[in-house]
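Since the structure comes first, as structure tokens, the remarks are kept for the end.
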Amino acid sequence: MQSLIDANGLCFSYAKEGANIDILHNLNFSLNQGDFVAIVGHNGSGKSTLAKLLNALFIPTAGTLVVDGVCVQDGQTAFEVRKNIGMVFQNPDNQIVATLVDEDVAFVLENLCVPSEDIAPIIDETLKMVGMYELKKSAVSKLSGGQKQRVAIAGILAMKPKCIIFDESTSMLDPIGRKEVLNIMKKLNCEHKTTVINITHYMEEVVFADRVIVMKDGNILKEDMPRNIFADRELLAKANLSVPQVTEFFNLLCDRCNLDSKTVLDIDECVSALSDLLGG
Amino acid sequence: MIKDITLGQYSAGNSILHKIDPRTKIFTTVVYIFFLFFIDNFFCYAINFFVIFFLYSRCKISLKMMFNNIKPILPILIFTSIINLFTLRDGKIIFSFLFFSITDRSLLFIFMIFCRIVLLIFSSSLLTYTTLPIDLTYGIEKILKPLSKIKFPVDEISMMISIAIRFIPTLISETEKIILAQKSRGVDMESGNIIKKVKCMIPILIPLFISAFRRADELAIAMESRCYRVGQKRTRYKQLKFCYLDLIFLFGFGIVVSVLVLVNWFL
Chain A
196 MQSLIDANGL
206 CFSYAKEGAN
216 IDILHNLNFS
226 LNQGDFVAIV
236 GHNGSGKSTL
246 AKLLNALFIP
256 TAGTLVVDGV
266 CVQDGQTAFE
276 VRKNIGMVFQ
286 NPDNQIVATL
296 VDEDVAFVLE
306 NLCVPSEDIA
316 PIIDETLKMV
326 GMYELKKSAV
336 SKLSGGQKQR
346 VAIAGILAMK
356 PKCIIFDEST
366 SMLDPIGRKE
376 VLNIMKKLNC
386 EHKTTVINIT
396 HYMEEVVFAD
406 RVIVMKDGNI
416 LKEDMPRNIF
426 ADRELLAKAN
436 LSVPQVTEFF
446 NLLCDRCNLD
456 SKTVLDIDEC
466 VSALSDLLGG
Chain B
1392 MIKDITLGQY
1402 SAGNSILHKI
1412 DPRTKIFTTV
1422 VYIFFLFFID
1432 NFFCYAINFF
1442 VIFFLYSRCK
1452 ISLKMMFNNI
1462 KPILPILIFT
1472 SIINLFTLRD
1482 GKIIFSFLFF
1492 SITDRSLLFI
1502 FMIFCRIVLL
1512 IFSSSLLTYT
1522 TLPIDLTYGI
1532 EKILKPLSKI
1542 KFPVDEISMM
1552 ISIAIRFIPT
1562 LISETEKIIL
1572 AQKSRGVDME
1582 SGNIIKKVKC
1592 MIPILIPLFI
1602 SAFRRADELA
1612 IAMESRCYRV
1622 GQKRTRYKQL
1632 KFCYLDLIFL
1642 FGFGIVVSVL
1652 VLVNWFL
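Protein chains in written order, with this note's numbering: chain A, 196 to 475; chain B, 1392 to 1658.
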């Protein structure tokens, strides 16, 4: 099977005041249709740059990036790439174009020249998918952060992308909004087989991914399942990353009591591991 | 301050003026204002006021709302009236004091100017009272559409206007935040004379501009990632359609205009 995204020796740099600043060095990875990938890394590790490359907002300076069979190399191919890959940004306020919810969802369809009479049903369908159908006619400025972010997601879902990149989309939301957005990610990945790339600082979100890419200073340090990543304490220290609270709690407990260390990822696992310990 | 720009002055209703196409409303308003400048007959003004008041009552817009729009320009209106009153010299002098004099013609003239401007404001605010800003933008876009043949960027301009409307509430709440932030840092905005108060605007405006530019940058990237390209062909979700009500309204408008023309020039 051909992979959806294929990066080979991907490099990106830009010139600033005469000097060439390298952001990404020689990245190699590939993603398949239906993957749920989390990209983590400290500030300035190149996560967002990578996301913008995947969406052809930046063009690679060296190496090849093939997205759904299209090689990203210039403005024309960029447009082809963006039809298949959507991107949800950090600040919900700065990515909504229209005043009303339904018109914002229509924006991408208008850009793709979908005939006017076909637009309305697609809007209804996508707004139902993110649970915003009841607020179809409300003004965007009246919505909460989480609702705005759901509208932004709907605005991308409307074009039925093969892959959606969430670039720290939950970082400006309250816990409720974060949960809503995360649930949509899971739903899209499960029900629609959409490839989800979640760039995040919240380790609790990373747990839901099938695969984690850890980045540091423009390099990929490791690419593995969340469980293995969170078990690798050396790597975590190197990339300056934390672990989810439950995992940390259990790690500390094991260290204190000199128990065999085990990586738990959520509360349920923690509870069963604890009851095993107490029972045994 | 503008509390809710998405609605603007819009006052929801169910009248014929709410239902008809924004293009019809824009067209008739422009034609009406054009005619207003040629009218110099008292009967005509009476008819005009009657028609305007009738339309306002049909749209269920209160007198208070109606006169709200006059308030801001009232000082200018009165000032120009006074200047006109003393400087126009033709006609019979009915009052004079030192070197000031008031003639009957000047009285008549300022009365007409007054009525004209008041009518102008009444009629144009009727448009904004019955049309959402976004519909208005779309109507203007449709009207200007033929200009795109001569490479006039109609789509881009309409996109700019609608983004501007979209961001006004965001920027207002941002301004409020900045004001609070600066106050908490000890910027005194209430006391002092007018020059001092104007100077106090600088620590508000500079952060506001910086954040607006940053927003613009992010929005541009978000729009690009959603397949927007300047100068590309786009379809439109919202369709404007003329209906039979537009015909009825145009017919009524035609009657009013022809009555005005008859009364003004043939009686």
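Just so you know, even glycine gets a beta-carbon here, dropped at the ideal spot from N, CA and C. Because the structure is a prediction, the values reported are computed rather than measured.
Span of the beta strand (DSSP E), counted from its first residue to its last, around Arg406/A: Residue numbering aside, residue 406/A sits at position 211 when the first sequence is read from its first letter. Its beta strand (DSSP E) spans residues Arg406 to Lys411.
Exposed unless 16 or more other CB atoms sit within 10 angstroms - verdict on Lys1416/B: Numbered from 1 along the second sequence, position 25 holds the residue referred to as residue 1416/B. The residue is buried, with at least 16 neighbouring Cβ atoms inside 10 Å.
Under 8 Å from the C-beta of Asp288/A: neighbouring residues of chain B: Looking up residue 288/A in the first sequence gives position 93. Listed by position along chain B, the residues whose Cβ is nearer than 8 Å to that of Asp288/A are Thr1561 and Arg1606.
Burial state of Ser366/A, where buried means 16 or more other Cβ atoms lie within 10 Å: Residue numbering aside, residue 366/A sits at position 171 when the first sequence is read from its first letter. By the beta-carbon neighbour count (other beta carbons within 10 angstroms, threshold 16), Ser366/A is exposed.
Top-ranked residue by Cα proximity to Leu1468/B, from Gln1630/B, Met1503/B, Ile1541/B and Ser1515/B: Against the second sequence, residue 1468/B aligns to sequence position 77. Between Leu1468/B and the set Gln1630/B, Met1503/B, Ile1541/B and Ser1515/B, the nearest pair of CA atoms involves Met1503/B.
Same chain, Cβ closer than 6 Å to Ile200/A, five either side skipped, listed in chain order: Taking the first residue of the first sequence as position 1, residue 200/A is located at position 5. If we look at Ile200/A and ignore the five residues flanking it on each side, its Cβ neighbours are Leu226 and Val262.
Glu1532/B versus Arg1625/B: straight-line alpha-carbon distance, rounded: Taking the first residue of the second sequence as position 1, residue 1532/B is located at position 141. Taking the first residue of the second sequence as position 1, residue 1625/B is located at position 234. Approximately 13 Å, taken between the alpha carbons.
For Arg1496/B and Leu1479/B, believed in contact at Cβ under 8 Å, the rounded distance: Working through the second sequence from its first residue, we reach residue 1479/B at position 88. Working through the second sequence from its first residue, we reach residue 1496/B at position 105. Sure, about 7 Å apart at Cβ, within 8 Å.
Endpoints, the alpha helix (DSSP H) within which Val402/A is located: In the first sequence, residue 402/A corresponds to position 207, counting from 1. Under the DSSP assignment, Val402/A falls outside any alpha helix (DSSP H); it carries neither an H nor an E label.
Residue span of the beta strand (DSSP E) that contains Ser1487/B, given as start and end: In the second sequence, residue 1487/B corresponds to position 96, counting from 1. According to the DSSP assignment, Ser1487/B belongs to the beta strand (DSSP E) that extends over Ile1484 to Phe1488.
Residues near Lys1651/B in its chain [Cβ-Cβ closer than 6 Å; skip 5 each side]: In the second sequence, counting from the first residue as 1, residue 1651/B sits at position 260. In the sequence under discussion, the amino acid at residue 1651/B is Leu, which differs from the Lys named in the question. Same-chain partners within the cutoff: Cys1435.
Any 3 or more C-beta pairs closer than 8 Å across the segment 350–362 of chain A and the segment 1572–1589 of chain B: Cβ pair count under 8 Å is below three, so no.
C-alpha distance - Ile1534/B paired with Leu1631/B, whole-angstrom precision: The count along the second sequence starts at 1 and reaches residue 1534/B at position 143. The count along the second sequence starts at 1 and reaches residue 1631/B at position 240. Their backbone Cα atoms lie some 11 Å apart in a straight line.
According to DSSP, residues forming a beta bridge with Gly270/A: Residue 270/A sits at position 75 when you count from the first residue of the first sequence. Bridge partners of Gly270/A: none, in fact.
CB contact check: Ile1417/B to chain A, cutoff 8 Å: Translated into the one-based positions of the second sequence, residue 1417/B becomes position 26. Not closer than 8 Å to any Cβ of chain A, the Cβ of Ile1417/B fails to qualify, so no.
Closest residue to Phe1458/B among Met1614/B, Ile1443/B, Phe1470/B and Tyr1529/B (Cα-Cα distance): For this step, residue 1458/B is matched to residue 67 along the second sequence. For the set Met1614/B, Ile1443/B, Phe1470/B and Tyr1529/B, the Cα lying nearest the Cα of Phe1458/B is the one of Ile1443/B.
Residues near Phe1513/B by beta carbon distance below 6 Å, same chain, minus five either side: As a first step, residue 1513/B is located in the second sequence; it is residue number 122 there, counting from the start. Result list for Phe1513/B: Ile1443, in chain order.
Minimum Cβ-Cβ distance from Leu447/A to chain B less than 8 Å: Translated into positions along the first sequence, residue 447/A becomes position 252. No - not a single Cβ of chain B is within 8 Å of the one on Leu447/A.
Three-state secondary structure (DSSP) of Leu460/A: Residue mapping note: residue 460/A aligns to position 265 of the first sequence, counting from 1. Of the three classes helix, strand and coil, the one that applies to Leu460/A here is coil, per DSSP.
Span separating the alpha-carbon of Asp319/A from that of Tyr328/A: As a position in the first sequence, residue 319/A is number 124, starting the count at 1. As a position in the first sequence, residue 328/A is number 133, starting the count at 1. Roughly 7 Å between the two C-alpha positions.
Among Ala214/A, Gly341/A and Val292/A, nearest to Asp1608/B - alpha-carbon criterion: Taking the second sequence and counting its residues from 1, one reaches residue 1608/B at position 217. Cα-wise, what sits closest to Asp1608/B is Val292/A.
Residue interval of the alpha helix (DSSP H) (run including Phe1434/B): Mapped onto the second sequence, residue 1434/B falls at position 43. From DSSP, the alpha helix (DSSP H) with Phe1434/B extends over Phe1433 to Arg1449.
Chain A contact residues for Glu1567/B, given Cβ-Cβ distances below 8 Å: Numbered from 1 along the second sequence, position 176 holds the residue referred to as residue 1567/B. By Cβ distance, chain A contributes nothing, its closest Cβ being about 13 Å from Glu1567/B, past 8 Å.
Per-residue burial, Ile1556/B [other beta carbons within 10 Å of its own, 16 or more giving buried]: The residue you call residue 1556/B lines up with position 165 of the second sequence. Buried: at least 16 other Cβ atoms inside 10 Å.
Burial state of Leu1517/B, where buried means 16 or more other Cβ atoms lie within 10 Å: Counted from its first residue, the second sequence places residue 1517/B at position 126. Leu1517/B should be labelled buried.
Residue(s) in a DSSP beta bridge with Lys417/A: Within the first sequence, the letter at position 222 stands for residue 417/A. For Lys417/A, which the question treats as bridged, DSSP gives the partners Val409/A.
Members of the segment 258–278 of chain A near chain B, C-beta cut-off 9 Å: Going along the segment 258–278 of chain A in chain order, one finds Gly270, Ala273, Phe274, Arg277 and Lys278 with a Cβ nearer than 9 Å to chain B.
Proximity below 8 Å, CB of Ile280/A to CB of Leu304/A: Residue numbering aside, residue 280/A sits at position 85 when the first sequence is read from its first letter. Residue numbering aside, residue 304/A sits at position 109 when the first sequence is read from its first letter. By the CB criterion at 8 Å, Ile280/A and Leu304/A fall outside the cutoff.
Leu222/A - partner residues in DSSP beta bridges: Position 27 of the first sequence, counted from the first residue, corresponds to residue 222/A. Answer is Leu205/A.
7 Å Cβ shell around Leu368/A - same chain, five flanking residues per side excluded: Here residue 368/A refers to the residue found at position 173 when the first sequence is read from its first residue. Correct list, in chain order: Gly340, Gly341, Gln344 and Val376.
Sequence-distant residues of its chain with Cβ nearer than 8 Å to Lys332/A (five each side left out): As a working note, residue 332/A is residue 137 in the first sequence. The residues are Leu295, Val296 and Asp297.
8 Å Cβ cutoff, Ile234/A in contact with chain B: The count along the first sequence starts at 1 and reaches residue 234/A at position 39. Chain B has no Cβ within less than 8 Å of the Cβ of Ile234/A.
Burial state of Thr259/A, where buried means 16 or more other Cβ atoms lie within 10 Å: Within the first sequence, numbered from 1, the residue matching residue 259/A stands at position 64. Its Cβ having fewer than 16 others within 10 Å, Thr259/A is exposed.
Residue environment, Val409/A, which counts as buried when at least 16 other CB atoms sit within 10 Å: Position 214 of the first sequence holds residue 409/A. By the neighbour-count criterion, in which a residue is buried when 16 or more other Cβ atoms sit within 10 angstroms of its Cβ, Val409/A is buried.
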